[in-house]
Every structure is written in C-alpha cells, then in structure tokens.
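To get our numbering, take the position in the sequence shown, counting from 1, and add 31. Notes to accompany the following structure.
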Amino acid sequence: MNDDVENLIAGRFRSYYPVVVDVETAGFDPVKDALLEVAVVFLEVNKDGMWSPMETISKHIQPFPGANLDKAALEFTGIDPDHPFRKEIAVSEKEALREIFQTVKRMMKQNGCTRAILVGHNPAFDLSFINAAAGRSGLTRNPFHPFSTFDTATLGGLAYGQTVLSRAVKAAGLDWEEEEAHSALYDAERTAELFCSIVNLWPLR
Numbered sequence: 032m033n034d035d036v037e038n039l040i041a042g043r044f045r046s047y048y049p050v051v052v053d054v055e056t057a058g059f060d061p062v063k064d065a066l067l068e069v070a071v072v073f074l075e076v077n078k079d080g081m082w083s084p085m086e087t088i089s090k091h092i093q094p095f096p097g098a099n100l101d102k103a104a105l106e107f108t109g110i111d112p113d114h115p116f117r118k119e120i121a122v123s124e125k126e127a128l129r130e131i132f133q134t135v136k137r138m139m140k141q142n143g144c145t146r147a148i149l150v151g152h153n154p155a156f157d158l159s160f161i162n163a164a165a166g167r168s169g170l171t172r173n174p175f176h177p178f179s180t181f182d183t184a185t186l187g188g189l190a191y192g193q194t195v196l197s198r199a200v201k202a203a204g205l206d207w208e209e210e211e212a213h214s215a216l217y218d219a220e221r222t223a224e225l226f227c228s229i230v231n232l233w234p235l236r
C-alpha cells in the first residue's frame, strides 16, 4: 500500500475504515429472525483522494437453529430459504462472518486503520443483525464499531435531497435496476457507489 494513499484512508475518518454492508433477513428482530444474506463492499482511495468500491464478499446464510422466518419478509425479499440451489451454497453465520471479519481486519491493517465502521442505508438495522449473529456464533473480535455507523440515507438527504436508496442513487447519476433490488449484493454495491460519490464531493486536502 502506498504510504500517501494509506494516509488518505486512515486520515479521512479518524483512522476508521468504512465498510459497506447490506443484509437481507426474515424479519426485523435480530435476536429471533433469520439472517439470510450478507454482502460487504470494501473501498479504496486513489492518489487524488477519490474513493471507489474495490472488492465484494457476498454470502447466502443458513437460518440459525430455531430462527423465525416471517412470511411477509420473505415475500418482500423474494428469498426462498428452502430453494435447492440456495441450500447448496448457503453457509452458517459463523463461517460467513469469520471470513468477513478476517477480511475487514486485513483491510484495516493494510490501510493503517484501527477500527472498521459500518456504512449502510439505515445501517442500525444491518449492524444489529451483524452483532446478533456474531454473538450467536461466539465471535468475540468483531471489528466493527459496536454502535457508530455512516448512514447513506442521511448523507443522501444532505448531498442530493433524497433519502430513499433508489432515488438517492439516481440523483447521484448512478444506475439503478429496480428488478435487482432487495438482494444484499445489489443493494450493498449501489450503497457503496452512493457513499463514494458523496464522500468525493468533500475531499480532504
């Protein structure tokens, strides 16, 4: 990692490394309802201080034992937990989060950062499910700040006057495909693009 670029990343948000996260779930209760998908987008900065998405990890998650699967939530996301293809590729919460946490820590170290901060659209929801799944999995070294986040709904309202993800993405001049929405992978990648476009409006000099 170039030292100048590393300093741009570590110095931008008080040595926090922003990581974009989106989850899809079977309800609104992180303790009772299943975590079904998680996608994480890592970011990079060029020598001019411009941020962009770099790498994505996306996982289908097996519902934890005894998890609630709310019918309305499944209809909204279009996820079928019992679909044969999904069952072939889905992994446990522990396996998914272990890989994600290890990669987050590696990216933090490479970029000279001391903590990760979750970026999301209404991210308290995403963070609550990540924290609950980490707790169930016995993963005690969660690299994300336990409660602080960057919210692209708030930032989108500030930068573009739009708080709905699809509208903020379009207002930023980015592509949005409605039929692709509500998958963790698609929403995380569009959220990452939106976050970078907003940060790039206010580069540090």
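Just so it is clear, CB atoms sit at the ideal spot from N, CA and C, and this is done for glycine as well.
For residue i: DSSP bridge partner residues
i	result
D182	G151
D53	A70
R146	Y47
H91	E68
V122	I92
CB of residue i within 9 Å of CB of residue j, strictly
i	j	result
E130	Q93	no
T183	L225	yes
F178	L66	no
H213	T108	yes
S89	E68	yes
V71	V135	yes
F95	F156	no
D53	L186	no
Proximity to residue i [Cα-Cα], best of the options
i	options	result
E106	K118, L225, E55, T180	E55
W233	R221, A190, A202, K63	A190
H176	T185, R167, N162	N162
R167	H91, L128, G192	L128
G169	G188, E126, R146, K140	E126
H91	P84, A104, A98, I110	I110
C144	P84, T171, L74	L74
N173	V62, G97, A147	A147
Three-state secondary structure (DSSP) of residue i
i	result
V200	helix
T108	helix
S83	strand
K102	helix
F59	coil
P115	helix
R172	coil
S46	coil
V76	strand
D206	coil
V230	helix
Residue i Cβ short of 8 Å to the ligand PLP heavy atom set
i	result
E130	With respect to the ligand PLP, the structure offers nothing, as it holds no ligand at all.
Rounded C-alpha distance that separates residue i from residue j
i	j	result
E208	D218	10 Å
V51	F116	26 Å
T203	V230	Note on identity: in this sequence residue 203 is Ala, with Thr being the wrong assignment. The straight-line gap from Cα to Cα measures roughly 12 Å.
F132	K102	30 Å
D64	A165	14 Å
G42	Y48	10 Å
L100	R137	34 Å
L39	L149	18 Å
K78	L235	12 Å
C227	R221	10 Å
L205	M81	16 Å
V122	P112	12 Å
N153	V195	10 Å
A199	A223	12 Å
E211	S46	34 Å
M139	V62	28 Å
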